[in-house]
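Each residue of the sequence shown is one higher than the one before, starting from 0 at the first, in numbering that gives the first Met the number 0.
Worksheet for the structure shown next.
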Amino acid sequence: MTAVMAAAVVMLPAAGLTADFKKEYRLQVNVGPSFYWGMGATKFAELVAEKTDGRINVKPYFGSALLQGAQLNAAQMVARGVIDCAFESTINISPVVGEANIFHLPFFVNTFENLDKMKAGETGAAVFAALERVGLQPLAWGENGFRQLTNSKRPITAPADLKGLRIRVVGNPLFMETFRQLGADPVNMNWGDAQTAFQQGVVEGQENPVGVLVPVQIWQYHQHVTMWNYLVDPLIIYWNKRQWEAFPADIQQAIQAAAEEAGRFEIALSRSGLDDGVSQKVLKDLFDFTMEVPDPVRFMESKGMTVSFLTDAQVAAFAEATAPVLDKWAKTLGEDLVNKAKADMAR
């Protein structure tokens, strides 16, 4: 009897803790499961279950299903606790966390090296602190990638080549102003409408990372790709802060570790074929994973696309042309944040 009572006493706290966890924690994801971003979200859910011994079950909801397509509302919904967590783009959180636009200044970041320095430095810390101020707990970085330009008309290698082209862009005003400054006619529309507009010739171009261009088979609509790294689209895994702080320390540590590992995996997917084999080695050595399309540039070329890589001088011409937009938005973001980014990149 004594042994049975002792066992019951030991079991009670564990049962109580288990009861405090939800059966399912909902993860907002903007894209589908076949995109690198979506694959990263799936990996995060798997790792959380593994590292918490099944106590926490994260379920990804792809295609902004929890938001009925209103992807710009993700940060608000997670902060309010309507959605538990998100694997989200800095573009989509920028209406709530303006500091995230530091990555979207035109021709400012330009390289993976600069991006990594910013994420690991004072810039990344400032963005994460801004997330916390609005009720979000940032966990780890992911990456959608540097955004490239495609169109159905001609190679784009100089600012004048963009004059008059209708380009589909996301709804962020910084994107709209950048393309207007280059003489293009930017149009904000969802992807479904954009595909119809491409087919009808109403819209001639769009901008997205290669991790999007390949899954959407952009060669069905466009024949020209400009690899110009004009801005970058990092991802962030974040959780409702109040819910996060209620988790016991061991659960926090397990989820944090899962987020960091999933972030490394997803970043390597997004960079595969674009960083001289570094990311492919990461995928093979750390995750025993082989890319289905290991060289996205060559793959797009095999589909009949012309891929233009800009020289430093050509990039400088675009940077000069968009300098007024960068200067305006640098003031909006604040001198302190911009100086942190410049100092990070200089290290």
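No residue lacks a Cβ here, since even glycine has one placed at the ideal position from N, Cα and C.
Same chain, Cβ closer than 8 Å to residue i, five either side skipped, listed in chain order
i: Pro323; result: Gln180
i: Asp160; result: Arg153, Pro154
i: Ala256; result: Leu46, Lys50
Residue from the options with nearest C-alpha to residue i
i: Leu285; options: Phe298, Val306, Leu273, Gly262; result: Gly262
i: Ala267; options: Pro32, Glu142, Ala69; result: Glu142
i: Ala129; options: Gly120, Ala139, Val95; result: Val95
i: Pro59; options: Ala40, Val47, Asn72; result: Ala40
i: Glu131; options: Ala69, Gln199, Glu265, Gly97; result: Gly97
i: Thr225; options: Ala99, Ala73, Val314, Val186; result: Val314
i: Leu212; options: Phe127, Val186, Ala253, Phe298; result: Phe298
i: Glu87; options: Leu309, Leu46, Leu114, Ala139; result: Ala139
i: Thr156; options: Leu309, Val108, Pro293; result: Leu309
i: Glu112; options: Asp249, Gln136, Asn228, Pro293; result: Asn228
i: Ala99; options: Pro233, Gln136, Arg79, Ser63; result: Pro233
i: Gly80; options: Val133, Ser63, Gln252, Leu114; result: Val133
i: Lys162; options: Gly144, Ser269, Asp184; result: Asp184
i: Phe197; options: Met175, Pro214, Pro208, Ile166; result: Ile166
i: Pro293; options: Ser278, Asp287, Ser307, Val306; result: Ser278
i: Leu325; options: Gln252, Leu164, Val108; result: Val108
Separation of residue j from residue i, as counted between CA atoms
i: Ala318; j: Ser93; result: 22 Å
i: Gln194; j: Asp19; result: 45 Å
i: Asn150; j: Trp328; result: 27 Å
i: Ala347; j: Gln67; result: Since the first residue shown for the chain is 0 and the last is 346, residue 347 is missing from the structure and cannot be characterised.
i: Lys347; j: Ala124; result: In the structure as shown, the chain starts at 0 and stops at 346, and residue 347 therefore has no counterpart that could be examined.
i: Asp335; j: Glu291; result: 42 Å
i: Glu49; j: Arg146; result: 33 Å
i: Asp83; j: Ala258; result: 14 Å
i: Ile235; j: Gln199; result: 35 Å
i: Gly210; j: Gly272; result: 11 Å
i: Val126; j: Ala245; result: 23 Å
i: Gly276; j: Thr110; result: 15 Å
i: Ala55; j: Lys22; result: First, the amino acid is wrong: residue 55 is Ile here, not Ala. Each residue's Cα considered, the two are about 8 Å apart.
i: Arg346; j: Leu230; result: 20 Å
i: Thr289; j: Lys283; result: 6 Å
i: Val201; j: Val186; result: 10 Å
i: Met38; j: Asn72; result: 22 Å
i: Trp36; j: Asn91; result: 14 Å
i: Met10; j: Gly333; result: For Met10, the predicted model reports a pLDDT of 39, less than 50, meaning its position is unreliable; a value from the coordinates is still stated below. Rounded to whole angstroms, Met10 to Gly333 spans 54 Å at the Cα level.
i: Leu46; j: Glu203; result: 41 Å
i: Val8; j: Gly120; result: Because the pLDDT of Val8 is 40, which lies under 50, any placement of that residue in the model is unreliable, and the number read from its coordinates should be weighed accordingly. Their backbone Cα atoms lie some 47 Å apart in a straight line.
i: Asp249; j: Thr122; result: 28 Å
i: Ala78; j: Pro137; result: 11 Å
i: Gln252; j: Asp52; result: 13 Å
i: Gln205; j: Lys280; result: 31 Å
Helix, strand or coil at residue i according to DSSP, with G and I counted as helix
i: Phe145; result: strand
i: Val337; result: helix
i: Met344; result: helix
i: Val306; result: strand
i: Glu206; result: strand
i: Val126; result: helix
i: Met290; result: coil
i: Val314; result: helix
i: Leu325; result: helix
i: Ser33; result: coil
i: Trp227; result: coil
i: Asp184; result: strand
i: Val296; result: helix
i: Ala347; result: The question about residue 347 has no answer here: the residues shown for the chain are numbered 0 through 346.
i: Leu234; result: strand
i: Asn91; result: helix
i: Gln222; result: coil
i: Arg241; result: helix
i: Thr331; result: helix
i: Ala14; result: Below a pLDDT of 50, predicted positions are generally treated as unreliable, and Ala14, at 35, falls in that range; the measurement from the model is reported next regardless. Residue state, collapsed to three classes: helix.
i: Asp19; result: helix
i: Ile101; result: helix
i: Arg153; result: coil
i: Phe106; result: coil
i: Ile166; result: strand
i: Ala248; result: helix
i: Leu273; result: coil
i: Val211; result: helix
Sequence-distant residues of its chain with Cβ nearer than 7 Å to residue i (five each side left out)
i: Thr321; result: Pro105, Phe106, Thr177, Gln180, Leu181
i: Arg25; result: Lys58, Tyr60, Leu65, Ile82, Asp83
i: Ala316; result: Ala157, Pro158
i: Met344; result: Asn113, Lys116, Met117
Nonlocal neighbours in the same chain, by C-beta distance under 6 Å from residue i, ignoring five residues either side
i: Ala342; result: none
i: Met76; result: Ile82
i: Lys42; result: Ala261, Phe264
i: Val337; result: Ala329
#### Entry: Contact between the stretch 96 to 116 and the stretch 168 to 185 (3+ Cβ pairs under 8 Å)
Yes, the stretch 96 to 116 touches the stretch 168 to 185.
### Given 8 Å, three or more beta-carbon pairs between the stretch 216 to 230 and the stretch 291 to 309
The stretch 216 to 230 makes contact with the stretch 291 to 309, as at least three CB pairs between them are under 8 Å.
### Query
Does the count of Cβ pairs from the stretch 26 to 43 and the stretch 239 to 246 closer than 8 Å reach three?
Segments in contact, no.
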